[in-house]
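Colleague: Here it is, the structure, as structure tokens.
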Amino acid sequence: MSDLTTLEDNLLPVPLAEEELHRLAMNIIGKDLEKDNYEFLSINSSLEKNPQFVCTKNKQLYFIIVKAILYPENPKTFEIKNLNKILDHCTKFDAKLLCAKVGLANSDDYELPLFKNSSYIVNYDGIEKIN
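Adding 1 to a residue's 1-based position in the sequence shown gives its number in this note's numbering.
Below, the structure written as structure tokens:
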């Protein structure tokens with residue numbers, strides 16, 4: 002066997018884990034919220050818990066859900082699970098619910114996963130008002 006057929010583990014590209022995709026989407030949305038003058042009260046990066054951001058703007062409380070959606074899934078048609086439970090939580094705190102669905106794809110080949118230290122494409126049309 003030739004040495005040319007053997008690659009060291011550290012030479013292979015490493016796909017981003019689900020948690021890393023989620024944090025990437027949160028960073029994209031966090032910058033967008035800062036630009037729009039939202040004030041952050043709480044940030045939750047857990048995949049299992051919603052909302053990811055609790056913010057205020059113009060004395061209104063906002064709960065903001067962030068979802069990273071990897072190609073070929075379409076962020077425009079992606080549905081949030083347990084939406085009624087989250088809406089009940091909003092009612093309890095007199096908060097508005099916003100959702101940021103961030104589509105992500107490998108910029109070299111949409112069919113490949115996103116890799117660490119590689120370029121990507123973002124499909125994001127802005128924050129969606131839920132209530």
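Each residue gets a CB set at the ideal place from its N, CA and C atoms; glycine is no exception.
Label GLN61 either buried or exposed according to how many other C-beta atoms from any shown protein chain fall within 10 Å of its C-beta, with 16 as the threshold for buried.
Modeller: Reading the sequence shown from its first residue, position 60 is the one you call residue 61. Classification for GLN61: exposed.
Colleague: Can you list, in chain order, the residues of its chain whose CB lies under 7 Å from that of ARG24, leaving out five sequence neighbours each side?
Modeller: On the sequence shown, residue 24 is found 23 positions in, with the first residue counted as 1. Excluding positions up to five away in sequence, the list reads SER46.
Colleague: Can you look up LEU71 in the DSSP assignment and give me helix, strand or coil?
Modeller: On the sequence shown, residue 71 is found 70 positions in, with the first residue counted as 1. Three-state DSSP puts LEU71 in a strand.
Colleague: Alpha carbon to alpha carbon, what distance is there between PRO52 and GLU112?
Modeller: Walking along the sequence shown from the start, residue 112 turns up at place 111. Walking along the sequence shown from the start, residue 52 turns up at place 51. If you take the alpha carbons of GLU112 and PRO52, they lie about 30 Å apart.
Colleague: If we call anything under 9 Å between Cβ atoms a contact, is PRO76 one with LYS86?
Modeller: One-based indexing of the sequence shown puts residue 76 at position 75. One-based indexing of the sequence shown puts residue 86 at position 85. Result no, Cβ atoms of PRO76 and LYS86 do not sit closer than 9 Å.
Colleague: Measuring alpha carbon to alpha carbon, tell me which of LYS58, CYS100, TYR63, ILE128 ends up nearest LYS93.
Modeller: Translated into the one-based positions of the sequence shown, residue 93 becomes position 92. Out of LYS58, CYS100, TYR63, ILE128, TYR63 has the C-alpha closest to the C-alpha of LYS93.
Colleague: Can you tell me which of the three DSSP states LEU34 falls into?
Modeller: Within the sequence shown, numbered from 1, the residue matching residue 34 stands at position 33. Three-state result, LEU34: helix.
Colleague: Could I get the ranges of all uninterrupted beta strand (DSSP E) runs contained in the segment 45-71, with 3 residues as the minimum, in chain order?
Modeller: The qualifying runs are 54-58, 61-71.
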